[in-house]
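Asker: Quick one: this structure, given as structure tokens, is what I'll be asking you about.
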């Protein structure tokens with residue numbers, strides 16, 4: 019373990035020269051902001067670079083421009099963008115959106131973000147979600163030791179390797195701040211993995227001891243992992259973590275402790291299967307897909323949030339029409355194409371379905387049972403094994419036709435970006451259609467190969 023950790027650290031720790039170069043550019047940009055006339059009162063460096071917990075090659079610089087809390091939101095946004103555009107003049111910038119707009123650009127090979135934020139005294143004065151960031155930086159700088167920084171890097175790279183890291187909605191995982199808090203809680207990378215290996219749904223971590231576990235779970239009943247923000251006791255900083263990702267973390271921690279290996283940190287790229295293998299695997303499953311066009315001028319992080327929600331929504335509608343969804347997933351190349359994949363128990367259902375009603379002697383509820391299916395009954399009512407039974411006509415027996423109907427409904431009443439994605443190009447893909455998309459798109463090849471393999475890379 020010690021030898022492996024040393025080898026990994028050597029690969030992921032930025033050199034002193036790299037760190038100085040990153041700080042020099044950050045200082046230069048912050049200096050520009052501070053020298054400008056405007057309504058801002060300060061500018062600070064945030065993110066992992068500010069805490070010296072970043073990984074070699076990350077090259078991210080997050081700068082927060084602080085404004086007085088009395089400034090109206092409209093002026094706050096306007097001034098934040100104005101300052102960002104002036105600082106990034108001469109570079110290709112684009113507008114991103116979290117709770118409010120901010121700017122991103124690549125400056126001399128570094129990914130720079132200029133984010134407006136309010137300067138507040140404590141979390142009770144929050145006016146925007148990003149206002150906590152300055153407090154996060156202050157808290158971590160106070161509590162992280164030099165030893166902690168190496169442990170953070172190890173845990174960060176491990177989570178990246180098992181695909182459980184990232185603040186973006188695309189990943190449904192844990193952000194860097196959570197990684198740092200976990201190391202503060204458990205001390206070392208190895209101790210952290212030993213703890214994760216024992217986690218169960220609803221795990222609570224509260225470094226400042228704000229709540230007892232029972233009350234914390236009441237506040238966040240659906241969260242697999244609850245990590246109370248040390249500077250805002252009403253916030254779960256692991257809220258974006260999906261149940262599947264939580265389970266992946268537990269599985270990976272157990273697998274690594276049993277057999278430590280560098281592949282957990284640096285997995286090999288997925289080797290895409292040939293079309294023959296894909297065809298063979300698809301023939302063994304009942305799979306259908308909904309292909310959409312990626313809407314223009316929509317940031318990936320925003321679209322991924324919509325995509326995850328859309329995937330669940332379509333699955334729910336399939337289940338409501340009695341199609342048993344075994345598994346689903348979503349994918350986009352973030353440029354042209356979106357695909358929602360659904361693996362079902364069966365692609366076609368019988369024309370009729372038997373429905374069991376109340377007990378034979380319950381005549382009052384029998385009337386309600388019959389009324390609820392009025393116009394759809396093709397056989398019955400009759401008594402079988404002491405209960406009323408009817409057979410009804412199914413509205414949809416072919417999943418392909420049903421998906422077409424669902425797509426038309428969503429094109430009329432879903433959120434704007436989803437409506438645009440459907441109207442710009444929507445197709446239901448059977449197995450042949452999925453094969454055709456596989457042959458055209460390399461990113462979809464990696465996604466579908468991983469999906470059909472159905473096995474975690476770190477278990478291979």
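In my numbering, the protein residues as written are 19 to 478. C-beta: ideal position from N, C-alpha, C; glycine also.
1. Measuring straight from C-alpha to C-alpha, what distance separates residue 461 and residue 351?
2. Please state whether DSSP places residue 219 in a helix, a strand or coil.
3. Considering Cα atoms alone, identify which of 447, 101, 41 and 82 is closest to residue 305.
4. Can you tell me whether DSSP reads residue 344 as helix, strand or coil?
5. Using a Cβ-Cβ cutoff of less than 6 Å, which residues in the same chain neighbour residue 270 once the five nearest sequence positions on both sides are dropped?
6. Could you name the residues that DSSP lists as bridge partners for residue 463?
7. Can you tell me whether residue 149 is buried or exposed? The criterion is at least 16 other CB atoms within 10 Å of its CB, across all chains shown.
8. On the criterion of 16 or more Cβ atoms from any shown chain inside 10 Å, does residue 254 qualify as buried, or is it exposed?
9. Please classify residue 80 as buried or exposed, where buried requires at least 16 neighbouring CB atoms within 10 angstroms.
10. Hey, residue 120 and residue 105: beta-carbon distance below 8 Å or not?
11. How would you call residue 293, buried or exposed, if buried means at least 16 neighbouring beta carbons within 10 angstroms?
12. How many angstroms separate the CA atom of residue 474 from the CA atom of residue 314?
13. Would residue 282 and residue 176 be called neighbours here (beta carbons separated by less than 8 Å)?
14. Quick check: what's the CA-CA separation for residue 84 versus residue 171?
15. Leaving aside the five residues before and after residue 217 along the sequence, list all residues of the same chain whose C-beta is less than 7 Å from its C-beta, in chain order.
16. In this structure, what does DSSP give as the bridge partners for residue 119?
17. Can you give me the Cβ contacts of residue 147 inside the same chain, cut-off strictly under 8 Å, excluding the 5 residues immediately before and after it?
18. Look at the alpha carbon of residue 422 and the alpha carbon of residue 431, and state the distance between them as a whole number of angstroms.
19. Taking DSSP as the reference, what is the three-state secondary structure of residue 479?
20. Does the segment 45-53 come close enough to the segment 85-94 to have 3 or more Cβ pairs within less than 8 Å?
21. So, residue 307 versus residue 452, is the Cβ gap smaller than 8 Å?
22. Between the Cα of residue 225 and those of 203, 338 and 82, spot the shortest distance and give me the residue it belongs to.
23. Just to check my reading of the structure: residue 127 and residue 69 have Cβ atoms closer than 8 Å, yes? What is that Cβ distance to the nearest angstrom?
24. Going by the DSSP bridge assignment, what does residue 372 pair with across the sheet?
25. Once the 5 residues before and after residue 151 are set aside, which same chain residues still bring their CB inside 7 Å of it?
26. Taking 8 Å as the threshold (C-beta atoms), are residue 32 and residue 188 in contact?
27. DSSP puts residue 133 in a beta bridge; with which residues?
28. Compare the beta carbon distance of residue 30 and residue 73 with 8 Å and say whether it is the shorter of the two.
29. Using only CA atoms, which one of 339, 184, 199 and 290 lies nearest to residue 424?
30. Rounded to a whole number of angstroms, what is the C-alpha to C-alpha distance between residue 160 and residue 209?
31. So, does the segment 324-342 touch the segment 362-375, judging by three or more C-beta pairs under 8 Å?
32. So is residue 321 buried or exposed if we call it buried at 16+ other beta carbons inside 10 Å?
33. Judging by CA-CA distance, which residue of 40, 96, 39 and 130 is the nearest neighbour of residue 57?
34. Buried or exposed for residue 195, please, with buried defined as at least 16 other CB atoms from any protein chain shown within 10 angstroms of its CB.
35. Identify every run of the alpha helix (DSSP H) within the segment 200-273, keeping only runs that are complete inside it and at least 4 residues long; order them along the chain.
36. Mapping DSSP to helix, strand and coil, what is residue 155?
Answerer: This is what the structure holds:
1. 7 Å
2. coil
3. 447
4. strand
5. 180 and 476
6. Its beta-bridge partners do not exist; DSSP assigns none.
7. buried
8. buried
9. buried
10. no
11. exposed
12. 33 Å
13. yes
14. 28 Å
15. 268
16. 115
17. 116 and 117
18. 15 Å
19. Because the chain is modelled from 19 through 478, residue 479 falls outside the range shown and cannot be assessed.
20. no
21. yes
22. 203
23. 21 Å between Cβ atoms; not a contact.
24. 409
25. 64, 82 and 135
26. no
27. 82
28. yes
29. 339
30. 22 Å
31. yes
32. buried
33. 96
34. buried
35. 207-214 and 231-237
36. helix
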